[in-house]
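Peer 1:
Number of protein chains: 2
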Amino acid sequence: MFNLLSWKDNLRVTIADVAREAGVSAMTVSRALRDPDKVSEKTRAKIRAVVDRLGYVPDPAASALATGKTNVIGVIVPSVTNNVFSDVMRGIYEVAEGSIWQIQLGNSRYSPLEEENLVRTFLSQRPAGLILSGLDQSNETSRLLRSADCRIVQIMECGPDPYDLMIGFSHVEGSAAATRHLVSAGYRKPGYIAARLDPRSQRRLAGFRKAAEKAGVFEPGRIVTTPRPSTVTLGCELVADLLSKAPDTDAVLCNNDDLALGALFECQRRGLRVPEDIGICGFNDLEMMAVANPPISSVRTFRLDMGREALRMLTEALAGVEPDRPIVDLGYEVMPRRSTARNG
Amino acid sequence: MFNLLSWKDNLRVTIADVAREAGVSAMTVSRALRDPDKVSEKTRAKIRAVVDRLGYVPDPAASALATGKTNVIGVIVPSVTNNVFSDVMRGIYEVAEGSIWQIQLGNSRYSPLEEENLVRTFLSQRPAGLILSGLDQSNETSRLLRSADCRIVQIMECGPDPYDLMIGFSHVEGSAAATRHLVSAGYRKPGYIAARLDPRSQRRLAGFRKAAEKAGVFEPGRIVTTPRPSTVTLGCELVADLLSKAPDTDAVLCNNDDLALGALFECQRRGLRVPEDIGICGFNDLEMMAVANPPISSVRTFRLDMGREALRMLTEALAGVEPDRPIVDLGYEVMPRRSTARNG
DNA sequence: ATAAAAAATGGTAGCGCTAACATTTTGTCA
DNA sequence: TGACAAAATGTTAGCGCTACCATTTTTTAT
Numbered sequence: 600m601f602n603l604l605s606w607k608d609n610l611r612v613t614i615a616d617v618a619r620e621a622g623v624s625a626m627t628v629s630r631a632l633r634d635p636d637k638v639s640e641k642t643r644a645k646i647r648a649v650v651d652r653l654g655y656v657p658d659p660a661a662s663a664l665a666t667g668k669t670n671v672i673g674v675i676v677p678s679v680t681n682n683v684f685s686d687v688m689r690g691i692y693e694v695a696e697g698s699i700w701q702i703q704l705g706n707s708r709y710s711p712l713e714e715e716n717l718v719r720t721f722l723s724q725r726p727a728g729l730i731l732s733g734l735d736q737s738n739e740t741s742r743l744l745r746s747a748d749c750r751i752v753q754i755m756e757c758g759p760d761p762y763d764l765m766i767g768f769s770h771v772e773g774s775a776a777a778t779r780h781l782v783s784a785g786y787r788k789p790g791y792i793a794a795r796l797d798p799r800s801q802r803r804l805a806g807f808r809k810a811a812e813k814a815g816v817f818e819p820g821r822i823v824t825t826p827r828p829s830t831v832t833l834g835c836e837l838v839a840d841l842l843s844k845a846p847d848t849d850a851v852l853c854n855n856d857d858l859a860l861g862a863l864f865e866c867q868r869r870g871l872r873v874p875e876d877i878g879i880c881g882f883n884d885l886e887m888m889a890v891a892n893p894p895i896s897s898v899r900t901f902r903l904d905m906g907r908e909a910l911r912m913l914t915e916a917l918a919g920v921e922p923d924r925p926i927v928d929l930g931y932e933v934m935p936r937r938s939t940a941r942n943g
Numbered sequence: 600m601f602n603l604l605s606w607k608d609n610l611r612v613t614i615a616d617v618a619r620e621a622g623v624s625a626m627t628v629s630r631a632l633r634d635p636d637k638v639s640e641k642t643r644a645k646i647r648a649v650v651d652r653l654g655y656v657p658d659p660a661a662s663a664l665a666t667g668k669t670n671v672i673g674v675i676v677p678s679v680t681n682n683v684f685s686d687v688m689r690g691i692y693e694v695a696e697g698s699i700w701q702i703q704l705g706n707s708r709y710s711p712l713e714e715e716n717l718v719r720t721f722l723s724q725r726p727a728g729l730i731l732s733g734l735d736q737s738n739e740t741s742r743l744l745r746s747a748d749c750r751i752v753q754i755m756e757c758g759p760d761p762y763d764l765m766i767g768f769s770h771v772e773g774s775a776a777a778t779r780h781l782v783s784a785g786y787r788k789p790g791y792i793a794a795r796l797d798p799r800s801q802r803r804l805a806g807f808r809k810a811a812e813k814a815g816v817f818e819p820g821r822i823v824t825t826p827r828p829s830t831v832t833l834g835c836e837l838v839a840d841l842l843s844k845a846p847d848t849d850a851v852l853c854n855n856d857d858l859a860l861g862a863l864f865e866c867q868r869r870g871l872r873v874p875e876d877i878g879i880c881g882f883n884d885l886e887m888m889a890v891a892n893p894p895i896s897s898v899r900t901f902r903l904d905m906g907r908e909a910l911r912m913l914t915e916a917l918a919g920v921e922p923d924r925p926i927v928d929l930g931y932e933v934m935p936r937r938s939t940a941r942n943g
């Protein structure tokens, strides 16, 4: 005799056990669980009772193999620590909670190559859907995605030619608006600091440049960047660098709020008055911006909503309900606060 | 004839395709991939070539069904936005990257009930391992875990009677040490603020109490807590509350760094000098603490290491290498900074 | 050279579930 | 009440992979 039972000694309850106990066929159990309308009320109740008593939980692997589909939605973000993405993730998990959908999180660490590997791995698992960040995939990743047979949502940005669905906002416009705010607040020598120049950061920088040029206040010498990842400490360093290169700079638009907070700390250490001597504006509007001393102006983005909506659009599409529009622009909102209130 | 092929029109490359092309049996292909030593060098090369050419990727669902095992390691954290956990996650993903192990992240949102559901769901997927936070699971969760046939790592805390492996530190001792630091810095009326009283927060509060009592400076009236989640803004509110209830408070130990930063902002808004009028100490030592004005004292914890080590221990155990000790205490380090430097 | 041992490879069955079709039961209406 | 449609349930086969054992090939020892 064979002994194929080596690993299943752990008496896992299978659909066959439930079927036997309930006196029906396995197929009926399967239907009762995944398509209850197709099973009579009486049978359904009987099956539910047995399922509860035995503690039956369907094996997702077997189900995946049989159907060629999974309940897995892959989410690929560039960073799990960055506040921006963790807010998005929170939104996603919030909506996923209690639903049938399983979130599988991948961390590309801002590397298109790692992203490519993740996409490949995820796709091999027949995901129901994929959520990924931005518009700038590698050629191979794009190819994989275009021929993937699952729904895809791009988040964080809006742009033309989505793979499928898209939700985000315009980084160019957001930082252009912040720049105009600085100009209208009376600053004439604005600088820009940025770390980790991922594509979205670059577009924010481009937005600054565009708006600053238009206002006639653009000076390349007031731009300081570094490939290092953003931290508050780095904000201190970058603004120090900026001020040593261009001491007459009268405002700093920061690529994100961590840098802005660091910039504030550093300016204060140097005895510069914010906003009188120098204005500071961040990007994303993290909660802490509003309670700093002085409160820091920023560009609010809707990260939690983005996560929620991304998953909602995706799961609805999977359920056969196409979204009204495939591209959703959540916009942004400039939040003027005292850190840029030069004229009162 | 049947038409069972409806969904597999997508010409997925299977192990049979590879076997045919390589002129060997499927079994040999399987072995070549998962146990290369068992296949001759020549055959292996031939198979590898075909695998590359066809772009074959094994179907994890089929593999899971056949072996009863998966490569999935479930990670359950109470929050994906909290800096503390996102650092741990980053450590985990760092180690997982490039390995065969798939991380499946669950977010219990500080709810033992949601944790229980997650554990149940995860276990139904036959994970290779589980990483979860803390010592305080529900009875049912404990039962599930004790009878689970996968390796388990508890993170964030150390305590007796682990399910399996454990890595963390003592929150009681950490905050007791911070309290002693305050006392030795000359503060005699220390208060404590905390939000979201999860079990670890409670133990930190207990540590404060223990050390404050020992030093003869404990006063219950100087403790302010709230169930709301920690934010910088909440730090402002809590310290405001503390100061209205006990205006002569001369130091605040904060349950975490967000609160500490908020406390600093609020004290400064009120014209209190830090550290002369009031000392402020945080917990976790986020990067920004060192660059605030003044720099904020905190208790450093080793979150990234905790994530890395947790996954390392787990995967080594899965590979048959038992860790030296099942419980690893990573300790903590009090970081005295100017925010508590009352005597110079 | 030959037997015995070791290494490499293959054949078969089955993991747990569900698509597709087949059959039985129930409900409806003339 | 019988004929027919609709609903409920059952049967069969197979998803892609790997455990187990069987067989073949290679290596080693005598």
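Sequence order for the protein chains is A and B. Heads up: the first sequence begins at 600 in our numbering, then just goes up one per residue. Heads up: the second sequence begins at 600 in our numbering, then just goes up one per residue. Where is the CB? At the ideal position from N, CA and C, for every residue including glycine.
Just to confirm, is the Cβ distance from Glu-739 (chain A) to Glu-715 (chain A) under 9 Å?
Peer 2: Yes, the pair counts as a contact, with Cβ atoms nearer than the cut-off.
Peer 1: Taking only beta-carbon atoms, is Lys-607 (chain B) less than 9 Å away from chain A?
Peer 2: Confidence in Lys-607 (chain B) is poor, its pLDDT being 41 and thus under 50, which makes the residue's placement too unreliable to answer from.
Peer 1: Quick check on the DSSP output: the beta strand (DSSP E) that includes Tyr-791 (chain B) runs from which residue to which?
Peer 2: Counting along the chain, the beta strand (DSSP E) containing Tyr-791 (chain B) begins and ends at 789–794.
Peer 1: Specify, as a first and last residue, the run of the beta strand (DSSP E) that Glu-852 (chain A) falls within.
Peer 2: A small correction: the amino acid at residue 852 (chain A) is Leu; Glu does not occupy that position in the sequence shown. 850–853 is the span of the beta strand (DSSP E), which, as asked, contains Leu-852 (chain A).
Peer 1: State the DSSP-derived secondary structure class of Glu-640 (chain A), mapped to helix, strand or coil.
Peer 2: In the structure shown, Glu-640 (chain A) sits in a helix (DSSP, three-state: H, G or I).
Peer 1: Identify each residue in the segment 818–844 of chain A for which the Cβ-Cβ distance to at least one residue of chain B is less than 7 Å, and report them in chain order.
Peer 2: From the segment 818–844 of chain A, only Thr-830, Val-831, Thr-832, Cys-835 have a Cβ closer than 7 Å to chain B.
Peer 1: Which first and last residues belong to the alpha helix (DSSP H) in which Gln-736 (chain B) is found?
Peer 2: Careful: Gln-736 (chain B) lies outside any alpha helix (DSSP H) and carries neither H nor E.
Peer 1: Would you say the segment 868–877 of chain A touches the segment 925–935 of chain A, given that touching needs at least three Cβ pairs under 8 Å?
Peer 2: Result no; under three Cβ-Cβ pairs closer than 8 Å.
Peer 1: Do we get a CB-CB distance below 9 Å when we pair Ala-940 (chain A) with the residues of chain B?
Peer 2: Ala-940 (chain A) does not count as touching chain B.
Peer 1: Just to confirm my understanding: we take Arg-779 (chain A), look at its own chain, exclude 5 residues before and 5 after, and list those with CB closer than 8 Å. What are they?
Peer 2: So the list reads Ala-810, Ala-814, once near-sequence residues are dropped.
Peer 1: I need the straight-line Cα distance from Leu-871 (chain A) to Gln-753 (chain B), nearest angstrom please.
Peer 2: Distance between the alpha carbons of Leu-871 (chain A) and Gln-753 (chain B): 48 Å.
Peer 1: DSSP three-state call for Asp-876 (chain B): helix, strand or coil?
Peer 2: It is coil, neither helix nor strand.
Peer 1: Between Ile-664 (chain A) and Val-617 (chain A), which are expected to be in contact by the criterion C-beta below 8 Å, what is the C-beta distance as a whole number of angstroms?
Peer 2: In the sequence as presented, Ile is not what sits at residue 664 (chain A); that position holds Leu. Their Cβ separation, rounded to whole angstroms, is 19 Å, which puts Leu-664 (chain A) and Val-617 (chain A) out of contact at 8 Å.
Peer 1: At a CB distance below 9 Å, what residues from the segment 721–732 of chain A approach chain B? Give them in sequence order.
Peer 2: Residues Leu-722, Ser-723, Gln-724, Arg-725.
Peer 1: Taking contact to mean 3 or more Cβ pairs, one atom from each stretch, closer than 8 Å, check whether the segment 756–775 of chain A and the segment 702–718 of chain A are in contact.
Peer 2: These segments do not touch.
Peer 1: Distance check for Met-888 (chain B) and Arg-937 (chain B), CA to CA, integer angstroms please.
Peer 2: Taking the straight line joining both Cα atoms gives about 11 Å.
Peer 1: Using beta carbons (cut-off 9 Å, strictly below), is Ala-663 (chain B) in contact with chain A?
Peer 2: Yes - at least one Cβ of chain A is within 9 Å of the one on Ala-663 (chain B).
Peer 1: According to DSSP, what are the bridge partners of Ser-897 (chain B)?
Peer 2: Beta-bridge pairing links Ser-897 (chain B) to B:Met-934.
Peer 1: If you follow the alpha helix (DSSP H) that Phe-721 (chain B) is in, where does it begin and where does it stop?
Peer 2: 711–723 is the span of the alpha helix (DSSP H), which, as asked, contains Phe-721 (chain B).
Peer 1: By the three-class DSSP mapping on this structure, what secondary structure does Ile-675 (chain B) have?
Peer 2: Correct three-state label for Ile-675 (chain B): strand.
Peer 1: Indicate the three-state DSSP secondary structure (helix, strand or coil) for Leu-664 (chain A) in the structure shown.
Peer 2: Helix.
Peer 1: I'd like to know if Met-934 (chain A) contacts chain B, where contact means its C-beta is closer than 9 Å to some C-beta of that chain.
Peer 2: No, no contact with chain B.
Peer 1: Considering only residues of the same chain and omitting the five flanking positions on each side of Ile-879 (chain A), which have a CB-CB separation below 8 Å?
Peer 2: If we look at Ile-879 (chain A) and ignore the five residues flanking it on each side, its Cβ neighbours are Ala-850, Val-851, Cys-853, Ala-859, Ala-862, Leu-863, Cys-866, Val-873, Ile-895, Ser-896, Ser-938, Thr-939.
Peer 1: What are the complete beta strand (DSSP E) segments, minimum 3 residues, inside the segment 800–887 of chain A?
Peer 2: Correct list: 822–825, 850–853, 878–880.
Peer 1: Exposed or buried, which one is Pro-659 (chain A) when buried takes at least 16 other CB atoms within 10 Å?
Peer 2: Its Cβ being crowded by 16 or more others within 10 Å, Pro-659 (chain A) is buried.
Peer 1: Helix, strand or coil for Leu-929 (chain A), going by three-state DSSP, please let me know.
Peer 2: DSSP places Leu-929 (chain A) in coil when its eight states are reduced to three.
Peer 1: So, does the segment 629–648 of chain B touch the segment 667–675 of chain B, judging by three or more C-beta pairs under 8 Å?
Peer 2: In short, these stretches do not touch, since the Cβ pair count stays below three.
Peer 1: Can you pull the chain B residues whose beta carbon is under 7 Å from the beta carbon of Tyr-692 (chain A), in chain order?
Peer 2: Result: Val-679, Asn-706.
Peer 1: From the DSSP secondary-structure annotation, give me the bridge partner or partners of Glu-908 (chain B).
Peer 2: DSSP, once it has assigned bridges, lists no residue as partnering Glu-908 (chain B).
Peer 1: Below 8 Å on C-beta distance, what does Pro-889 (chain B) contact in chain A?
Peer 2: Per the sequence shown, the amino acid found at residue 889 (chain B) is Ala instead of Pro. What Ala-889 (chain B) touches in chain A: Thr-832.
Peer 1: Going along chain B in order, which residues have a C-beta closer than 8 Å to the C-beta of Met-905 (chain A)?
Peer 2: Going along chain B, no residue has its Cβ under 8 Å from Met-905 (chain A), so there is no contact; the nearest lies around 14 Å.
Peer 1: Hey, out of B:Gly-673, B:Pro-759, B:Asn-681, B:Val-687, whose CA is closest to Val-718 (chain B)'s CA?
Peer 2: The shortest C-alpha separation from Val-718 (chain B) is found at B:Gly-673.
Peer 1: What are the start and end residues of the alpha helix (DSSP H) that includes Val-947 (chain B)?
Peer 2: With chain B covering 600 to 943 only, the question about residue 947 (chain B) has no answer from this structure.
Peer 1: Nearer than 8 Å: is that true of the beta carbon of Asp-686 (chain B) relative to any heavy atom of the ligand ATP?
Peer 2: The ligand content of the structure shown is nil, which means the ligand ATP is not present either.
Peer 1: With a cut-off of 8 Å on the beta carbons, I'd call Leu-804 (chain B) and Ala-793 (chain B) a contact; round off their distance for me.
Peer 2: With 8 Å as the limit, Leu-804 (chain B) and Ala-793 (chain B) qualify as a contact, their Cβ atoms being about 6 Å apart.
Peer 1: DSSP puts Arg-750 (chain B) in a beta bridge; with which residues?
Peer 2: Per DSSP, B:Gly-728.
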